[in-house]
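S.K.: Pasting a structure below so you can have a look.
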Amino acid sequence: MKRIGILTAGGDTPALNATIYGAVERANDLGLDVFGFLNGFAGILDPKMPHVHLNPLSTTIPELEPHRGGTLLGSSRTYVDPGKPDVVRAVADRLARLRIDGLICVGGDGTLNGMQPLAEFFPCVLAPKTIDNDLGLNYPDEPNEWIRDETAGDGILRYRQQILHEVVRLEEIVNYATPGYATAVFVATDAIRRIRTTAESHRRIAIVEVMGRDSGYIALGCAYGQPDVILLPEMPLDLSRITTRVRELYELQEHAVVVIGEGVVDETGRRLGAVAQSVDPAGKVVYRGAAEELKRRLTTLLGESFFSKRLPHESRDSIIFTRKVGHTQRGGRPIRFDRFYATQLGGKAVELLAEGRNNSVVTLQWSPKRGFCVDSVPVNKLRD
3 MKRIGILTAG GDTPALNATI YGAVERANDL GLDVFGFLNG FAGILDPKMP HVHLNPLSTT
63 IPELEPHRGG TLLGSSRTYV DPGKPDVVRA VADRLARLRI DGLICVGGDG TLNGMQPLAE
123 FFPCVLAPKT IDNDLGLNYP DEPNEWIRDE TAGDGILRYR QQILHEVVRL EEIVNYATPG
183 YATAVFVATD AIRRIRTTAE SHRRIAIVEV MGRDSGYIAL GCAYGQPDVI LLPEMPLDLS
243 RITTRVRELY ELQEHAVVVI GEGVVDETGR RLGAVAQSVD PAGKVVYRGA AEELKRRLTT
303 LLGESFFSKR LPHESRDSII FTRKVGHTQR GGRPIRFDRF YATQLGGKAV ELLAEGRNNS
363 VVTLQWSPKR GFCVDSVPVN KLRD
């Protein structure tokens with residue numbers, strides 16, 4: 003192996019450049035050339051799209067700065083469609099003409115699935131990134147075993163999923179943390195602390211919405227900012243209980259700060275933030291407005307008397323306010339944890355390709371004896 007390619011796909015995170023930097027630096031050690039493809043998979047789908055030699059003469063280009071947020075190569079939510087074999091073959095032929103011997107895809111679950119058609123033609127490795135921290139982590143109620151179902155009695159072979167209620171030790175968790183998550187929590191936590199002073203000064207109820215989609219890890223990490231209530235997508239909302247708690251908090255301290263994950267669901271399973279049902283280029287439902295929907299429901303459940311007694315000269319619409327931490331969670335300089343381990347994961351991805359591995363994922367593990375350490379698992383262990 004002499005030449006490898008690398009691309010960044012999906013949503014941006016603060017540690018992408020650090021991952022690329024780690025890959026290039028390790029490639030320098032091994033005497034490999036690294037070529038970056040621009041704008042994710044779009045860069046290899048378009049034959050006119052240029053590529054960048056990231057380490058001419060085994061020297062990392064100065065523009066590649068590991069402490070800089072975002073990605074030097076650009077990104078997109080364009081993916082290779084496995085249902086178009088002619089396109090897949092054309093991409094493989096183009097990489098062959100460029101004498102690319104292996105490809106590193108930096109991304110999350112969408113990128114993981116997007117590289118599968120290419121892995122049938124040449125070695126591919128995933129270097130993980132996602133602020134959601136949901137690549138590989140199993141939820142307690144996630145079905146994780148298929149068992150044969152013979153109840154129908156019609157002779158047709160069927161399988162159903164069964165939930166194994168087992169305690170999972172921390173060292174067994176795959177991908178304990180993904181690059182970008184720690185920085186996202188750091189930014190969101192700072193926002194919580196700042197918003198509290200406003201809520202306290204004006205006797206307001208603040209509802210702060212954070213990213214994460216169906217994963218509540220960012221919302222849970224906001225505990226470092228000491229909000230009063232945290233609402234996670236993994237737990238259906240008990241609006242009656244939430245209303246009671248907010249009322250108690252306001253009686254006690256005359257303000258409240260509520261953190262809500264963008265993918266929360268109500269008692270019926272309906273996602274509060276998916277009212278419009280619009281989808282992004284990757285086909286995922288766009289979540290927007292979970293905080294606003296919670297505000298609307300809380301305003302009704304608290305009742306007119308709650309507002310008129312406490313702030314008679316204020317409109318009840320202004321007493322509860324919402325804020326989104328938004329894209330600041332995904333941008334800017336990565337904190338040291340993300341920067342260091344993203345660099346390590348990028349280097350490990352190069353090592354896997356050099357060893358002849360294909361369709362593997364680099365992972366960050368944790369154990370009581372070793373602490374954090376870099377490892378790898380086959381793709382099929384993580385695919386949705």
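Quick note, the sequence shown lines up with residues 3 to 386 if you use the working numbering. Positions of the beta carbon are idealized from the N, C-alpha and C atoms, including for glycine.
For the candidate residues Val260, Arg359, Phe37, whose alpha-carbon lies nearest to that of Ala201?
M.R.: Locating residue 201 in the sequence shown gives position 199, where the first residue counts as 1. Ala201 has its Cα closest to that of Val260, out of Val260, Arg359, Phe37.
S.K.: Is Pro181 closer than 7 Å to Ala293 when the C-beta atoms are compared?
M.R.: By 1-based counting over the sequence shown, the position of residue 293 is 291. By 1-based counting over the sequence shown, the position of residue 181 is 179. Contact: no.
S.K.: Once DSSP output is grouped into helix, strand and coil, what is the label at Ile197?
M.R.: Mapped onto the sequence shown, residue 197 falls at position 195. Helix at Ile197.
S.K.: Glu316 to Asp192, Cα distance in whole Å?
M.R.: Numbered from its first residue, the sequence shown carries residue 316 at position 314. Numbered from its first residue, the sequence shown carries residue 192 at position 190. Those two C-alpha atoms are separated by around 28 Å.
S.K.: By DSSP's criteria, Leu9 is part of a beta bridge. Which residues make up the other side?
M.R.: The residue you call residue 9 lines up with position 7 of the sequence shown. In the DSSP output, where bridge partners are listed per residue, Leu9 has Cys107.
S.K.: Taking the alpha-carbon positions, what's the Leu2 to Leu239 distance?
M.R.: Because the chain here runs from 3 to 386, residue 2 falls outside it and cannot be looked at.
S.K.: Run through DSSP, which three-state label would Leu59 get?
M.R.: Along the sequence shown, one-based indexing puts residue 59 at 57. Reduced to three states, the DSSP call for Leu59 is helix.
S.K.: Is the stretch 14-21 touching the stretch 89-104 in the sense that three or more CB pairs, one from each, lie closer than 8 Å?
M.R.: Too few Cβ pairs lie closer than 8 Å, so no.
S.K.: Report yes if the CB atom of Arg195 is closer than 7 Å to the CB atom of Gly218, and no otherwise.
M.R.: As a working mapping, residue 195 is identified with position 193 in the sequence shown. As a working mapping, residue 218 is identified with position 216 in the sequence shown. Cβ distance not < 7 Å, so Arg195 and Gly218 don't count as in contact.
S.K.: For chain D, find out if any of its Cβ atoms is closer than 7 Å to the Cβ of Arg195; answer yes or no.
M.R.: In summary, chain D is missing from the structure at hand, where a single protein chain is found.
S.K.: Just the C-alpha distance for Thr270 and Leu241, rounded to the nearest angstrom, thanks.
M.R.: Within the sequence shown, numbered from 1, the residue matching residue 270 stands at position 268. Within the sequence shown, numbered from 1, the residue matching residue 241 stands at position 239. Roughly 11 Å between the two C-alpha positions.
S.K.: Label Pro235 either buried or exposed according to how many other C-beta atoms from any shown protein chain fall within 10 Å of its C-beta, with 16 as the threshold for buried.
M.R.: As a position in the sequence shown, residue 235 is number 233, starting the count at 1. Its Cβ being crowded by 16 or more others within 10 Å, Pro235 is buried.
S.K.: For Ser369, report the span of its beta strand (DSSP E) as first-last.
M.R.: Taking the first residue of the sequence shown as 1, we reach residue 369 at position 367. Looking at the DSSP string, the run of the beta strand (DSSP E) that includes Ser369 is 362-369.
S.K.: Report the partner residues of Glu211 according to the DSSP bridge assignment.
M.R.: Your numbering for residue 211 matches position 209 in the sequence shown. According to DSSP, which records beta bridges pairwise, Glu211 is partnered with Ile262, Lys326.
S.K.: With H, G and I counted as helix, E and B as strand and the rest as coil, what does DSSP make of Asp31?
M.R.: As a first step, residue 31 is located in the sequence shown; it is residue number 29 there, counting from the start. Asp31: helix per DSSP, three-state reduction.
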